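For the protein sequence lines, the chains are A and B, in the order given. Letter by letter, the first sequence follows residues 1 to 100 of this note's numbering. Letter by letter, the second sequence follows residues 1 to 100 of this note's numbering. C-beta atoms are modelled at their ideal positions from N, C-alpha and C, and glycine is treated no differently. Bear in mind the structure is a predicted one, so any value in this text is a computation, not a measurement. Written out below as structure tokens is the structure these notes cover.
Protein chains: 2
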Amino acid sequence: MAPFDIGKLDDVIHGRLRLGIMAYLADAEAADFTELKDVLEATQGNLSIHLRKLEEAGYVSIDKSFVNRKPLTRVRMTAKGRKAFAIYLEAIAKLVGDGR
Amino acid sequence: MAPFDIGKLDDVIHGRLRLGIMAYLADAEAADFTELKDVLEATQGNLSIHLRKLEEAGYVSIDKSFVNRKPLTRVRMTAKGRKAFAIYLEAIAKLVGDGR
């Protein structure tokens, strides 16, 4: 990859909030909606929009259920998401200073 | 800084093309418009828009002149831009894997 190949930066991941979600899930494996909302200091609406975009790309899976009659939304990074995130990390590292 | 403080990611720098410009200038110190256009595979219009945004933030200075009657546009990273880029690099490194 050429060092300044910004096309390699996956736009689905690069958006700030989505990048935060992916970075958190890369560590945590799975997270509740509320947990993500708190950690990323996001609004409910904004987080929903960006989770949907990640889900549409197949990078996360979203599982909705009820626990004690309260809705629980669990978010997981998929294998496809993990692969895409690894490629993103490589591209951003190359772009911002690695190996030049 | 909290590891998932995505607010620390300077939006002016984070945009893909602007990030490419900043990364290139961080190395090159100064660059011609045509050089940036080629390296980043950007269109003239798109590059102009994002250079202006970086200029408005005070992160680059743009110097227009004529050489052999041909317009020459030189772009430089300012001291303010260099400082902002350093902060950005620290934030992105923290977010995507450093020190967690």
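Hey, does B:V96 have any beta-carbon neighbour from chain A nearer than 7 angstroms?
At least one chain A Cβ lies under 7 angstroms of B:V96.
Give a yes or no on whether the minimum CB-CB distance between A:G99 and chain B is below 7 angstroms.
Residue placement at A:G99 cannot be trusted, given a pLDDT of 40 that sits under 50; what the coordinates show is reported in the next sentence. Output row for A:G99: interface = no.
Is there at least one non-hydrogen atom of the ligand NAD closer than 6 angstroms to the beta-carbon of A:A31?
The ligand NAD is not among the ligands present in this structure, which contains no ligands whatsoever.
Does DSSP put A:A31 in a helix, in a strand, or in coil?
Three-state DSSP puts A:A31 in a strand.
Once DSSP output is grouped into helix, strand and coil, what is the label at B:R76?
Residue state, collapsed to three classes: strand.
Within the 7 angstroms Cβ cut-off, does A:A84 reach chain B?
At a cut-off of 7 angstroms between beta carbons, A:A84 makes no contact with chain B.
A:F33 at chain B interface by Cβ criterion, 7 angstroms:
At least 7 angstroms separates the CB of A:F33 from every CB of chain B.
Closer than 9 angstroms, Cβ to Cβ, to anything on chain B: give me those residues from the region 41–75 of chain A, in chain order.
Interface annotation for the region 41–75 of chain A against chain B: E41, A42, criterion Cβ-Cβ distance under 9 angstroms.
Environment of A:F66 [buried if 16+ CB atoms lie within 10 Å]
Looking at its Cβ environment, which holds fewer than 16 other Cβ atoms inside 10 Å, A:F66 is exposed.
Segments assigned alpha helix (DSSP H), at least 4 residues, entirely inside the region 41–98 of chain B
Here the runs fully enclosed are 44–56, 79–95.
Distance cutoff 7 angstroms, beta carbons only. Does A:V12 sit that close to anything in chain B?
For A:V12, the answer is no, since every Cβ of chain B falls outside 7 angstroms of its Cβ.
Tell whether a beta-carbon distance below 7 angstroms holds between A:I6 and B:G45.
Against a cut-off of 7 angstroms, the Cβ pair of B:G45 and A:I6 comes out as no contact.
Would B:R16 pass as an interface residue toward chain A - the criterion being a Cβ-Cβ separation below 7 angstroms?
Answer yes: the Cβ-Cβ gap between B:R16 and chain A drops below 7 angstroms somewhere.
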